[in-house]
Each structure stands twice: as C-alpha cells, then as structure tokens.
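In my numbering, the protein residues as written are 455 to 680.
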Amino acid sequence: MEKQGLQVAIDGPASAGKSTVAKIVAQRFHYIYCDTGAMYRAITWKVLQAGVALDDEPAVKQLLDQITIRFEPGTPVQKVFVDDTEVTLAIRQPDVTNSVSAVSALPAIRQELTERQRQIAEAGGIVMDGRDIGSTVLPHAQVKIFLVASVDERAQRRLKDNAAKGIDTPLATLKHEIEERDRKDSTRKVSPLTQAADAIRLDTTSMSIEQVADKIAETIKEKESL
C-alpha cells in the first residue's frame, strides 16, 4: 500500500518567503500546494468589488458563502479563481494587500476558510502556508516550519516581487506596510500570527530560497522515514 503523504505547515509573517518556498517543496515531493493567503486575498478582493465595508462581518460572510475559491496549475504561478473569474494578479494589488488583514481578522471568515483548508489537507501530501497553519488550521501536521526574516530583508523581497508584477511602491512605504501588517497579524483576537510550540524556526534573512527549501526537505525526509 502506498504511504500517505505528510501535512507540511509553513507559517511566518508577510514576505518571509513562505509561498515561494512552499511551492518548491511541494514540487519536490509531488505534494499539493495550498496558498491560504490567496484564499483570504480572494474574499478581500470580492469584498472590495462589492463595495462592502471591511468590518461588516455578516455581509462579508454572506459574500464568502456565495463564492467558490479554487486553484489551477499555472506557470510560473498557480492560478487563483473566484468562481469563473481569474484573480491571480488582482489579489496581489496594493488595495487588496492593505485590506486583507481587516478581513482575515473577522472570526466568521477565519472559521469558514479554516474548515475549507482542513478539507483540502485531509488526505495528506500537502504543503500549506499562512499565518496560523501549524497552530490552528493543522495542529497535528507532521512538519511545522516557522519562517522569519528582518523587516529590511522582507521589504526588499516585496519590492522585487512588486517590480516583477509592474507595481511601483517606494521601499520606505513597503517597510511601513510590512511593520503594520506584522502588528495587525500578531494582535488580532482570532488566530494571531504565532509560532506553534513544536515548529522549527528558520531565520531566512541570509538564506537563499533554495537553502530554505533544502532545510525543509531534510525535515520532511526525516519524518517520512519514521
């Protein structure tokens, strides 16, 4: 009988390299990659499109109940759809980036998306990244990683990412936005950004993406051999 794949949880603050590393690791092990941040961005995009107030929890929940968020393989990035509308680039625009913390802090939204994420991960063989995967979404994941990096390094990474998407934002603005996002994510009442007690902490400030992926791959291989 074929051995079931593991659940791999990768958490950390904004621009710590979670998504990039998670994709590489998933490809190496032929695991599914689930970008939970994209799910929160997708409902945030829908909220902004609908003109609903970010803190109107019943209205936001009603919108979420009406939509399907799905992923499709794509090159170089996985495609994200809200119903039949592709929103891969739209959900990375500054208006969504600056609003997603407010929407993701709503308890009803976190509860619903957490359920959807658990269903996706149920069969194993999955790499999931976010803010509270190891602590809340998949507390029994066999591999838990918590990535960190300095604010300066994360701002430089976001500057590079934005430039590749044609988004021009000054470095000082990005630093401020990352610091503000850290504050919001760490202080929200429901599932704040926190390192699970059994997570391996990796400071990626001076590491390349490949080095980080190698380190996580070693941990997965160790767990798979048990």
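Backbone N, C-alpha and C define an ideal beta-carbon position, used for all residues, glycine too.
### Task
Could you say which of Ile580, Ile478, Glu569 lies nearest to Pro530 if we only look at CA atoms?
Ile478
#### Entry: Contact check, Ile632 vs Ser469, beta carbons under 9 Å
yes
### Query
Quick one: Cα of Phe525 to Cα of Arg546, how far?
15 Å
#### Entry: Integer-rounded CB distance, given that Lys500 should sit under 8 Å from Ile521
6 Å
### Message
My assumption, with CB atoms under 8 Å, is that Ile654 sits in contact with Thr474. Please give the rounded CB distance.
### Response
Not confirmed; about 18 Å, so no contact.
### Task
For Leu625, count neighbouring Cβ atoms within 10 angstroms of its own Cβ and tell me buried if that reaches 16, exposed if not.
Label assigned to Leu625: exposed.
### Buried or exposed by the 16-neighbour rule on C-beta atoms within 10 Å, applied to Ser689
Any question about residue 689 goes unanswered here, given that the chain covers just 455 to 680.
### Met455 to Val605 span [Cα, whole Å]
At Met455 the pLDDT is 42, less than 50, meaning the model places this residue with poor confidence; the figure from the coordinates comes in the next sentence. In a straight line, the C-alpha of Met455 is about 46 Å away from that of Val605.
### Message
Less than 7 Å between C-beta atoms, sequence neighbours within five positions excluded: which residues of the same chain meet that for Thr568?
### Response
Thr590, Val591
### Task
Identify which residue in Pro593, Gly620, Ala476 has its Cα closest to the Cα of Thr648.
For Thr648, the nearest C-alpha among the options comes from Pro593.
### Query
Quick one: what does DSSP say Arg655 is sitting in, helix, strand or coil?
strand
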